[in-house]
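Single-structure report; data block below.
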Amino acid sequence: MYTHVVLGTNDLARAKAFYDALFEVIGGKALGELKGKLLYEKDGQMFMIGHPIDGHPATVANGFTLGFSLPSSEAVEAWHKVGIEHGGQAIEDAPGVRTVGGSKYFLAYLRDPDGNKLCARYDM
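Under full-length UniProt numbering, the sequence shown has 96 at position 96, and the numbering climbs by one with no breaks.
See below:
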């Protein structure tokens, strides 16, 4: 359904250290930089982070969460750990099982160094 997601940052070097580490854990790859944006890819989907095109400072989108699908609860835990080690902030409950309707998920939440809300999810 989605082809790509773009988030803003005010510090490209800090964002690079954070997202390089996260994408290594999830098995994605860094594609480099293009026009002030860092590009990452996994399974044909692209993620970009960079300075806003309009020249104004990047701000956090209130109510927005970007979710990453991971292959196991161990991968979710590793994603969460490496995110914190690279400047992210743990938010919400500790990584663990959540039941929504009749489905169970293993979830972890972080804010990236710019305050964007991220989630890693393993469908159990």
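Backbone N, C-alpha and C define an ideal beta-carbon position, used for all residues, glycine too.
Here the structure is a predicted model, which is why all the values come from computation and not from measurement.
Just verifying my parser: in three-state terms, what is the DSSP assignment at Ala-61?
Of the three classes helix, strand and coil, the one that applies to Ala-61 here is coil, per DSSP.
Which residue comes first and which comes last in the beta strand (DSSP E) that contains Ile-53?
Counting along the chain, Ile-53 falls outside any beta strand (DSSP E), and DSSP gives it neither H nor E.
Excluding the 5 residues flanking Ala-120 on each side, which residues of the same chain have their C-beta closer than 6 Å to its C-beta?
Contacts found: Phe-68, Leu-70, Val-76, Trp-79 and Ala-108.
May I have the straight-line CA-CA distance separating Asp-100 from Ala-90, to the nearest angstrom?
In the sequence as presented, Asp is not what sits at residue 100; that position holds Val. Answer to the nearest angstrom: the Cα atoms are 21 Å apart.
Any idea what DSSP makes of Tyr-19, helix, strand or coil?
Looking at Tyr-19 - three-state DSSP - the assignment turns out to be helix.
Work out the CA separation of Gly-50 and Thr-65 for me, nearest whole Å.
Computed Cα separation, rounded: 17 Å.
Identify, in the order they occur along the chain, each residue of the same chain with its Cβ nearer than 7 Å to the Cβ of Lys-104, setting aside the five sequence neighbours on each side.
So the list reads Val-97 and Met-124, once near-sequence residues are dropped.
Would you report the Cα separation of Glu-85 and Asn-116, rounded to the nearest angstrom?
Glu-85 and Asn-116: Cα-Cα distance of roughly 16 Å.
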